[in-house]
Amino acid sequence: MGNRVAICAVAQTTYERDKWHQRFQGMALEVLESLLNRTGLDFSEKNGIGMSISVSDDIFDARTISDNAMTDVLGAHLRCEEKVAQEGAQAIYYGLAAIMSGHTDLVLIIGHCKESQGKSRNMVTHLAFDPFYTRPVGMDFCVAAGLQAQAYAEKSGISDEHLADVVVRARCNAANNPFTPEIKPVSKENVMKSPMLADPIRQMHAYPVSDGAVGMILASEERAKEITKNPVWIKGVGNCMDSFFLGDRDLASNFALKKAARRAYDRAGIKDPRSAFDVIELSDQYAYQHPMWIEGLGICDEGKGAKWLESGGPDKFKVNPSGGMLAGNPLILSGLVRSAEAVLQLTGEAGKRQVKDARTALAHGVMGPAGQFHTVIILERD
3 MGNRVAICAV AQTTYERDKW HQRFQGMALE VLESLLNRTG LDFSEKNGIG MSISVSDDIF
63 DARTISDNAM TDVLGAHLRC EEKVAQEGAQ AIYYGLAAIM SGHTDLVLII GHCKESQGKS
123 RNMVTHLAFD PFYTRPVGMD FCVAAGLQAQ AYAEKSGISD EHLADVVVRA RCNAANNPFT
183 PEIKPVSKEN VMKSPMLADP IRQMHAYPVS DGAVGMILAS EERAKEITKN PVWIKGVGNC
243 MDSFFLGDRD LASNFALKKA ARRAYDRAGI KDPRSAFDVI ELSDQYAYQH PMWIEGLGIC
303 DEGKGAKWLE SGGPDKFKVN PSGGMLAGNP LILSGLVRSA EAVLQLTGEA GKRQVKDART
363 ALAHGVMGPA GQFHTVIILE RD
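Per the working numbering, the very first residue in the sequence shown carries number 3; after that it's consecutive.
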């Protein structure tokens, strides 16, 4: 891709079960202050931040036009402010397009979500379904994932033990992540004893409810070199959306992810994804998605996810040293969080979860029932 664009700084709050002590604006302000302090940027008319992108959701926020309450924090008075709903990685896509098209040279992105405010997260995702045919039978993202997990298990041979291993590893990695302070290591036996949510998905196979915020600064090549000594370049992006109606899809096919990955690889000039990345940050809302999305990314052969797990694939390919989504972050922020974690790896700021000498990373975001919409972002440092 021409007209290089960099991520110059990232910031996150901790992700906790209930941030009762902070409102949306407080979480976002914490992220904003960290970004401004790290970059020395401001909102001045000359050389200041000219475009802000918020990531939020009307239903989780319980307000129509959810970004309207965030304009003060985003510095959006008398300047451009845009909103991305549902999948946070799209904000990076949006900011990249704004800079490459010449509309601006600096973009601020901040996403927030408080999943704890709803009586049930499933009540929110239930509203994503058709009100005449699928809502009446109780569909939500968890039920849809259960259907997909069954289809994938039949195709790949994935078992309850495999899924327990995924959770154990994720929580072990999360113990080294200061942004997931509530996630503790767990035994395989306890995972396999946890209650069933939507067969074969157990309670501990699902990403935990959490509140938090995340943000970053994107800049053109010229501005990036003024702002930071360690820019992380966006080398390729790709996204794809599958059919809305589950019955129109082969749930075990990874159709949308394969398309998104191929678009990102082509733009980044990647021929062999199995040797291209030093670290992969994957949005695995449920444990079965960890090996399934890996297949879709072309990191292992189709239908061989179980064998990939057994052979130590997650550690070999450095997948989710942060703990991934199973360590906890809000649904709509996952792609943005995965990208922020990838940036920390490439700048050598990942602390105890640091992958040695990481130069190239893949960040992945997903939204919609049973992986309907995928985004893949390729990042690289000099």
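We put the CB at the ideal spot given by N, CA and C, even for glycine.
Answer with buried or exposed for residue i, where buried requires no fewer than 16 other C-beta atoms within 10 angstroms of its C-beta.
i: Thr66; result: exposed
i: Phe62; result: buried
i: Gly159; result: exposed
i: Leu80; result: exposed
i: Glu35; result: exposed
i: Tyr135; result: exposed
i: Glu351; result: exposed
i: Trp22; result: exposed
i: Ala64; result: exposed
i: Asp384; result: exposed
i: Asn5; result: exposed
i: Ser189; result: exposed
i: Asn192; result: exposed
i: Ser336; result: buried
i: Asn322; result: buried
i: Met198; result: exposed
i: Asp250; result: exposed
Taking 7 Å as the cut-off, decide whether the C-beta atoms of residue i and residue j are in contact.
i: Ala100; j: Cys144; result: no
i: Ala11; j: Leu37; result: yes
i: Gly113; j: Leu253; result: no
i: Glu117; j: Pro332; result: yes
i: Val281; j: Ala360; result: yes
i: Val57; j: Gly90; result: yes
i: Asn179; j: Ser313; result: no
i: Ala203; j: Tyr288; result: Contrary to the premise, residue 203 reads as Ile rather than Ala in this sequence. Yes, they are a contact pair.
i: Gly42; j: Thr106; result: no
i: Arg328; j: Tyr154; result: Strictly speaking, residue 328 in this sequence is Leu, with Arg absent from that position. Result no, Cβ atoms of Leu328 and Tyr154 do not sit closer than 7 Å.
i: Glu184; j: Arg355; result: no
i: Tyr17; j: Thr230; result: no
i: Ser68; j: Asp60; result: yes
i: Val75; j: Gln27; result: yes
i: Ala13; j: Leu108; result: no
i: Gly330; j: Ser212; result: yes
i: Ala172; j: Tyr290; result: no
i: Thr15; j: Gly214; result: yes
Starting from residue i, trace the beta strand (DSSP E) both ways and give me its first and last residue.
i: Leu129; result: No beta strand (DSSP E) contains Leu129, which DSSP labels as neither H nor E.
i: Asp60; result: It is not in any beta strand (DSSP E) - Asp60 instead sits in the alpha helix (DSSP H) that spans 60-63.
i: Gln14; result: 7-14
i: Lys85; result: 82-86
i: Lys116; result: 108-116
i: Asn241; result: 234-243
i: Thr136; result: That residue, Thr136, is in no beta strand (DSSP E); it is neither H nor E in DSSP.
i: Arg19; result: Counting along the chain, Arg19 falls outside any beta strand (DSSP E), and DSSP gives it neither H nor E.
i: Arg383; result: 375-383
The alpha helix (DSSP H) that contains residue i, what's its start and end?
i: Arg26; result: At residue 26 the sequence reads Phe, which differs from the Arg that was named. From DSSP, the alpha helix (DSSP H) with Phe26 extends over 26-41.
i: Met102; result: 91-102
i: Lys157; result: 143-158
i: Cys302; result: Neither: Cys302 is in no alpha helix (DSSP H) and is coded neither H nor E.
i: Ala172; result: 162-176
i: Glu224; result: 223-229
i: Ala208; result: Careful: Ala208 lies outside any alpha helix (DSSP H) and carries neither H nor E.
i: Met194; result: 190-195
i: Thr73; result: 73-76
Using only the alpha-carbon positions, how far apart do residue i and residue j sit?
i: Ile94; j: Pro233; result: 15 Å
i: Gly370; j: Ala130; result: 8 Å
i: Pro275; j: Ile380; result: 11 Å
i: Lys157; j: Glu297; result: 12 Å
i: Lys121; j: Arg225; result: 44 Å
i: Thr73; j: Ala176; result: 33 Å
i: Leu299; j: Ser277; result: 12 Å
i: Arg340; j: Asp286; result: 10 Å
i: Val126; j: Ala372; result: 15 Å
i: Phe347; j: Val357; result: What sits at residue 347 in the sequence shown is Gln, not Phe. If I take the Cα positions, the gap works out to 6 Å.
i: Ser255; j: Cys302; result: 14 Å
i: Ala30; j: Gly217; result: 8 Å
i: Gln205; j: Ser46; result: 48 Å
i: Lys320; j: His366; result: 14 Å
i: Val7; j: Gly104; result: 11 Å
i: Asp132; j: Gly148; result: 18 Å
i: Gly50; j: Cys82; result: 12 Å
i: Gly97; j: Leu110; result: 8 Å
i: Glu343; j: Gln374; result: 23 Å
i: Asn124; j: Thr349; result: 36 Å
i: Ala270; j: Pro316; result: 23 Å
i: Lys309; j: Lys237; result: 31 Å
When every heavy atom of the ligand ADP is checked, does at least one fall within less than 6 Å of the C-beta of residue i?
i: Met29; result: Of ligands this structure carries none, so the ligand ADP is not represented either.
Checklist entry - Can you list the beta strand (DSSP E) stretches of 3 or more residues lying completely in the stretch 249-299, in chain order? => result 281-283
Checklist entry - Which ranges would you report for the beta strand (DSSP E) in the stretch 310-340 if only whole runs of at least 3 residues count? => result none
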